[in-house]
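S.K.: First the structure, which I've put down as structure tokens, then a few questions once you've had a look.
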Amino acid sequence: MVAEQLVKERFPYVRYVRIHTDGANKATIYAWNEDLQLTDKELRSLKQFAADYISPYVCFKVKPFHYVQTDKVPEEPRLPEPVMKAALDRSLSHDDVLELLSRLFHYGVLSLSKWDPAAGIVHFGFSSGRPVLPEEKASLPAYLNELVPIGLKAEVVFES
């Protein structure tokens, strides 16, 4: 979310923007202006901006927005207000993430298991004294993926 906000601030003519990552220290920026296009020069400028200001450790691709469907990018998750606010906070620490999500998923314990820098995956564990509902199993990783740094992917192992 914060990366998309940065793009919109730097490039006010970009009307549609979605940034997606599957981890592996890579991300794709999908963007269009009001005319549902971007010039090659605008695409190059956007890619350079991402490398310089969003994250120098992530390899960015920039594609026209309609590739969101072609590339089967998942829909943006519906985030509760506390997660949205946290996702826009550039000073968020891993402890802040764990604390926030522990409040939202108070019936269990969320822990950071390991980080695989080569794969760009942050592994979490969630243990609960009760079975975790399917929608909760979908929500927790979705929230984490909005909160971990761009280029990384969160994976959660659930234990009951």
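Note that this note's numbering numbers the sequence shown so that position 129 is 648, with each residue one more than the last.
C-beta: ideal position from N, C-alpha, C; glycine also.
Keep in mind that this is a model prediction, so the values were computed, not measured.
1. For L663, I'd like the list of residues in its chain whose CB is within less than 8 angstroms of its CB, leaving aside the five on either flank, ordered along the chain.
2. Considering only the alpha carbon of each residue, which of I573, A546, A543 and Y586 lies closest to L555?
3. Work out the CA separation of S612 and V533 for me, nearest whole Å.
4. Taking the straight line between their C-alpha atoms, what separation do you get for P596 and K582?
5. Between which two residues does the alpha helix (DSSP H) carrying Y662 extend?
6. So A546 and F579 are supposed to be a Cβ contact under 8 angstroms. How far apart are they, rounded?
7. My guess is that G670 and Y576 are in contact by the Cβ rule of under 8 angstroms, so how many angstroms apart are they, rounded?
8. Along the chain, where does the beta strand (DSSP E) that runs through R537 open and close?
9. Taking 7 angstroms as the cut-off, is the CB of L598 close to at least one heavy atom of the ligand HEM?
10. Identify whether E674 lies in helix, strand or coil by the three-state DSSP scheme.
11. Count the other CB atoms within 10 Å of the CB of G639; is the residue buried (16 or more) or exposed (fewer)?
12. Taking only three categories from DSSP, how would you classify T558?
13. For S564, which option in S574, H539, Q588 and R529 has the closest C-alpha, if you only look at C-alpha atoms?
M.R.: Considering the structure as presented:
1. V616, L620, V641, F643, A673 and V675
2. Y586
3. 29 angstroms
4. 21 angstroms
5. P653 to L666
6. 5 angstroms
7. 6 angstroms
8. V533 to H539
9. Of ligands this structure carries none, so the ligand HEM is not represented either.
10. strand
11. buried
12. coil
13. R529
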